[in-house]
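Single-structure report; data block below.
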Amino acid sequence: MTVLPPRTAVLTGVLAVSAALTLSACGATPDASTSPDGKNAATASTAQAVGGIGALAAAAKKEGTLHAMALPRTWANYGALIDGFEKKYGIKVEVENPNGASQDEINAVTSRKGQDRAPDVLDLGSSFAQSAAQKGLLAPYMVAGFTDIPDGQRDSIARWANDYGGYISFGCDARRVRTCPTSFKDLLKPEYKGQVALNGTPTKSGSAFGAVYAAALADGGSFDNIQPGIDFFAKLKRSGNYTPVASTPATIAKGETPISIDWDYLNAGYTDELKSKGLDWTVTVPSDGKFSQYYSQAINADAPHPAAARLWLEYLYSPEGQNLRLKGYARPVLLNAMKKAGTLDKAAAAKLPKVSGTPSFPSEFQQESAKTSITQNWGDAVSH
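Structure follows, in structure tokens:
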């Protein structure tokens, strides 16, 4: 991930980019995205540039809509976040293809440029966010809590910032699986034939990408070398244990994916949902492959509703939004800052899946290199 310069340099960089965007930003028509005093939200890099949160909210309400993609209501408590945002600001949130992946969002940005149906905001695996920034697809915007986001988890010129995350984990239907696995090594046991699934492919899904990275760390790899993770899944496929069925609550309930490798906040969230269907869903962070990753928020540089897009990010990074993440078992990026400020929901924080140690993250270069390896080698690895 990008290493940040000092805080003053961050602010200078954001303002400089904002000035450049004034000449090139497009999206909603100016009169539909301006604050009461005539400031255009499409070129704003902070709420203050529009006249403050109140003015930004007024401009967003004039737009009336926020268009998003790939935000399942059960993912990191998006249902409560969407409902809270709509109630607070009176803006309709439209979510297209809720079960889509990060690459689907990026594809929509490029293929729908200049269209009203383009996504305003993006929720991306961090490697996908960095790639989108490099391609010039993202608008710099610094939310109120931007400088409290830890170093290495935000872009130096605010084109993206991490929002929430967790650890790769194993979810297991304890009523269908006699002994649930606790390590990647366990997954190779013959008793798990046809039972181990990802929630998508690592070429498109951030969590599947994280699963391959975790497998690499468990099998002699490193942030610089994801190939052992690809080799592990090739071995898992040859053993007959890996199933290409993308894991969802529906496939779990049907018994199609009784072991799901996914983020701990998703697996933990499924526990309550599946209990009502008679499933005993257990969640374990593997002992030999601890990999933590966060999802990033970003604004489409050509967002058709630029004020609503910026207001949405302000809501997600506010104490209200970050505590709603916690209630969905996700680890908010501002957890430590809110703890210091006394705004953290301690009861919700206490329910997070337990993990020892301090997480470390691959750099932007390491992630790009890993993505290249997966793009080149994943298909052959799991097709045989």
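Sequence positions in the sequence shown follow mature numbering (1 follows the signal peptide of the UniProt record, and there is no 0) and run -27 to -1, 1 to 357. Cβ coordinates follow ideal geometry from the N, Cα and C atoms, glycine included.
For ASP353, which option in GLY167, ILE64, THR176 and GLY52 has the closest C-alpha, if you only look at C-alpha atoms?
-> Of all alpha-carbon atoms in GLY167, ILE64, THR176 and GLY52, the one lying nearest the alpha-carbon of ASP353 is that of THR176.
Which first and last residues belong to the alpha helix (DSSP H) in which ALA207 is found?
-> In the DSSP annotation of this structure, the continuous segment of the alpha helix (DSSP H) that includes ALA207 starts and ends at 200 to 212.
For GLU65, the first and last residue of its enclosing alpha helix (DSSP H) = The residue asked about is misnamed: residue 65 is Lys in this sequence, not Glu. For LYS65, no alpha helix (DSSP H) run applies; the uninterrupted beta strand (DSSP E) run containing it begins and ends at 65 to 69, by DSSP.
For ASP128, three-class secondary structure by DSSP | Three-state DSSP puts ASP128 in coil, outside helix and strand.
How big is the Cα-Cα spacing for LYS248 and VAL185?
-> One Cα belongs to LYS248, the other to VAL185, and the distance between them is close to 28 Å.
Identify whether VAL328 lies in helix, strand or coil by the three-state DSSP scheme.
-> When DSSP states are grouped into helix, strand and coil, VAL328 belongs to the coil group.
Bridge partners - ASN13, DSSP secondary structure assignment | Beta-bridge analysis with DSSP links ASN13 to THR7.
Within 10 angstroms of its Cβ, does THR348 collect 16 or more other Cβ (buried), or is it exposed?
-> Exposed, since its Cβ has fewer than 16 Cβ neighbours within 10 Å.
Please state if the CB of ALA49 and the CB of SER75 are separated by a distance shorter than 9 Å.
-> In this structure, SER75 sits away from ALA49, with a CB-CB distance that is not shorter than 9 Å.
Check whether GLU164 and THR152 have beta carbons under 9 Å apart = Contact flag set, yes.
For ILE347, which of helix, strand or coil comes out of DSSP?
-> For ILE347, the secondary structure class from DSSP, reduced to helix, strand or coil, is helix.
Have a look at the DSSP bridge pairing and note the partners of ILE26.
-> The partner list for ILE26 (beta bridge, DSSP) is empty, contrary to what the question assumes.
Entirely enclosed alpha helix (DSSP H) segments - the segment 285 to 317, minimum 4 residues = Runs of the alpha helix (DSSP H) inside the segment 285 to 317: 292 to 300 and 308 to 314.
Please look up how many angstroms separate the CB atoms of LEU161 and ASN214, rounded, as I've assumed it's under 8 Å.
-> Rounded to whole angstroms, the Cβ separation of LEU161 and ASN214 is 7 Å, and the two are in contact under 8 Å.
Run through DSSP, which three-state label would VAL116 get?
-> Coil.
Per DSSP, cross-strand counterpart(s) of ASN273 | Beta-bridge pairing by DSSP links ASN273 to LEU111.
Once you ignore the five residues that flank ILE232 on each side, which residues in its own chain have a CB closer than 8 Å to its CB?
-> Correct list, in chain order: PHE143, GLY144, CYS145, ASP146, VAL150, CYS153, PRO154, LEU160, TYR165, GLN168, VAL169 and ALA170.
From this set, ALA281, TYR288 and ALA134, which residue's C-alpha is nearest LEU54's C-alpha?
-> For the residues ALA281, TYR288 and ALA134, the minimum Cα distance to LEU54 belongs to TYR288.
PRO305 beta carbon less than 9 Å from that of ASP136 | Yes, they are a contact pair.
Which residue from PRO332, ALA343, ASP275 and LYS250 puts its Cα closest to that of ARG85?
-> If we check each option's Cα against that of ARG85, ASP275 comes out closest.
In angstroms with no decimal places, state the Cα-to-Cα distance between LYS60 and SER336.
-> So the alpha carbons of these two residues sit roughly 38 Å apart.
Simplified DSSP state of VAL185, which is helix, strand or coil | The answer is helix: DSSP assigns VAL185 an H, G or I state.
Which stretch, first to last residue, makes up the beta strand (DSSP E) that contains SER233?
-> Start and end: 232 to 236.
Chain-order list of residues whose beta-carbon lies under 6 Å from that of ALA282 (same chain, five-residue window excluded) | The residues are ASP93, VAL94, ILE272 and ALA276.
According to DSSP, what are the bridge partners of GLN21?
-> Its beta-bridge partners do not exist; DSSP assigns none.
Helix, strand or coil at PHE338 [DSSP, three-state] = Three-state result, PHE338: helix.
If we ignore side chains and look at the alpha-carbon of each, how far apart do ALA116 and THR19 end up?
-> Reading off the sequence, residue 116 comes out as Val, not Ala. Straight-line spacing of the CA atoms in VAL116 and THR19 works out to 6 Å.
GLY284 and ILE26: beta carbons closer than 9 Å?
-> The sequence as given places Leu at residue 284; Gly does not occur at that position. Yes, these two residues count as a Cβ contact at 9 Å.
Proximity to SER265 [Cα-Cα], best of SER99, GLY242 and ALA31 = The candidate whose alpha carbon is nearest that of SER265 is SER99.
Does the beta-carbon distance from residue 428 to PRO326 come in below 9 Å?
-> Given that the chain is displayed from residue -27 to residue 357, the structure contains no residue 428 and the question cannot be resolved.
Does the beta-carbon of PRO217 have 16 or more other beta-carbons within 10 angstroms, so that it is buried, or is it exposed?
-> That one is exposed.
For residue 412, name the three-state secondary structure that DSSP assigns.
-> Residue 412 is absent from the model: the chain starts at -27 and stops at 357.
Taking C-beta to C-beta, are ARG172 and ILE79 nearer than 9 Å?
-> The sequence shown places Asn at residue 172, not Arg. No, the pair does not count as a contact, with Cβ atoms beyond the cut-off.
Could you check which residue in THR244, ASN309, GLU69 and PHE206 has the C-alpha nearest to that of ALA223?
-> Considering only alpha carbons, the answer is THR244.
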